[in-house]
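Residue numbers (the UniProt record's numbering): 1 to 242. Just so it is clear, CB atoms sit at the ideal spot from N, CA and C, and this is done for glycine as well. First comes the structure, then the notes that go with it.
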């Protein structure tokens with residue numbers, strides 16, 4: 001159960017779903033576990049609302065009456081980055097990978113088990129909160145490595161030439177995990193968090209690919225994020241925190 005106080009309100013979840021029965025089911029189950037929910041029917045409504053309220057997580061249905069759900073995910077990450085769970089009736093690997101490429105944290109396919117959806121939401125938010133907060137109280141939140149800087153509070157990268165590069169919630173969480181354990185092999189399970197990893201789950205590979213591009217790390221001969229075949233990934237440089 002998620003608890004809240006005046007100083008620490010329960011996470012706010014936007015549910016973008018044009019089918020009222022499905023939306024009510026999602027909101028009722030999330031409310032039962034202490035989440036605050038708001039149901040929106042169109043992509044434009046959600047994007048406008050997100051600019052004012054900054055939700056902790058958006059559940060985005062891909063089949064919408066006014067715009068494609070992928071556009072919503074892209075615009076969320078460009079304008080008001082937050083955690084995103086894709087809800088889709090499209091049981092197509094290409095759609096799932098594209099959603100992850102655009103910055104979504106996870107996806108779930110209709111029909112779904114409501115308790116699984118709640119578990120996915122909680123898992124995403126735990127990863128997000130860990131990435132935004134130092135591991136121990138008083139630990140600094142800015143990492144320096146190979147001329148780069150990562151601000152774990154603002155979810156931004158600063159390149160050696162001074163360019164500021166935005167990261168999605170998923171990318172920031174993944175980078176924070178790698179930076180806190182440099183020069184150690186991390187498995188896909190460790191990088192994803194609590195969720196068991198399906199052997200065909202490509203979400204981590206997609207995010208690693210996106211991070212490499214943003215870090216100017218040659219995907220054919222990466223110097224920073226190295227693939228350890230059969231084991232996971234390794235961040236191969238020294239990291240300092242302040």
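Self-check item: Span separating the alpha-carbon of residue 219 from that of residue 227
Solution: Answer to the nearest angstrom: the Cα atoms are 10 angstroms apart.
Quiz item: With distances taken between CB atoms, is the gap from residue 57 to residue 12 smaller than 9 angstroms?
Solution: Taking 9 angstroms as the cut-off, the Cβ atoms of residue 57 and residue 12 count as close.
Self-check item: Of the listed residues 45, 74 and 79, nearest to residue 65 (C-alpha basis)
Solution: Ranking the options by Cα distance to residue 65, first place goes to 45.
Practice problem: Check whether the Cβ atoms of residue 43 and residue 21 sit closer than 9 angstroms, and answer yes or no. | Solution: No, they are not a contact pair.
Quiz item: Which value, in whole angstroms, describes the spacing of the CA atoms of residue 54 and residue 14?
Solution: About 10 angstroms.
Self-check item: Alpha-carbon to alpha-carbon, residue 23 and residue 242
Solution: Between residue 242 and residue 23, the alpha-carbon positions lie close to 43 angstroms from each other.
Practice problem: Drop a sphere of 10 angstroms on the beta-carbon of residue 238, count the other beta-carbons inside from all chains shown, and report buried for 16 or more, exposed for fewer. | Solution: A residue is called buried once 16 or more other Cβ atoms fall within 10 Å of its Cβ, and residue 238, having fewer, is exposed.
Quiz item: Taking one C-beta from the segment 25-36 and one from the segment 104-118 each time, how about it: are there three or more such pairs within less than 8 angstroms?
Solution: Between the segment 25-36 and the segment 104-118, the count of C-beta pairs closer than 8 angstroms reaches three or more; the two stretches touch.
Practice problem: Could you tell me which residues DSSP puts in a beta bridge with residue 233? | Solution: Bridge partners of residue 233: 186 and 227.
Exercise. Just the C-alpha distance for residue 216 and residue 85, rounded to the nearest angstrom, thanks.
Key: Looking at the two C-alpha atoms, the distance is approximately 27 angstroms.
Quiz item: For residue 171, which option in 213, 51, 40 and 61 has the closest C-alpha, if you only look at C-alpha atoms?
Solution: Measuring from the Cα of residue 171, the nearest candidate turns out to be 213.
Exercise. Look at the alpha carbon of residue 225 and the alpha carbon of residue 32, and state the distance between them as a whole number of angstroms.
Key: Residue 225 and residue 32 have their C-alpha atoms spaced approximately 40 angstroms apart.
Quiz item: With respect to the beta strand (DSSP E) encompassing residue 239, which residues constitute its N-terminal and C-terminal limits?
Solution: Premise fails: residue 239 is in no beta strand (DSSP E) and is neither H nor E.
Quiz item: Going by other Cβ atoms of all chains shown within 10 Å of its Cβ, with 16 needed for buried, is residue 19 buried or exposed?
Solution: When all chains shown are included, residue 19 counts as exposed.
Quiz prompt | Runs of beta strand (DSSP E) wholly within the UniProt domain "Response regulatory" (12-125) (minimum 3 residues, chain order) | solution = Within the UniProt domain "Response regulatory" (12-125), the complete beta strand (DSSP E) segments of 3 residues or longer fall at 12-16, 36-40, 57-61, 83-88 and 106-109, listed in chain order.
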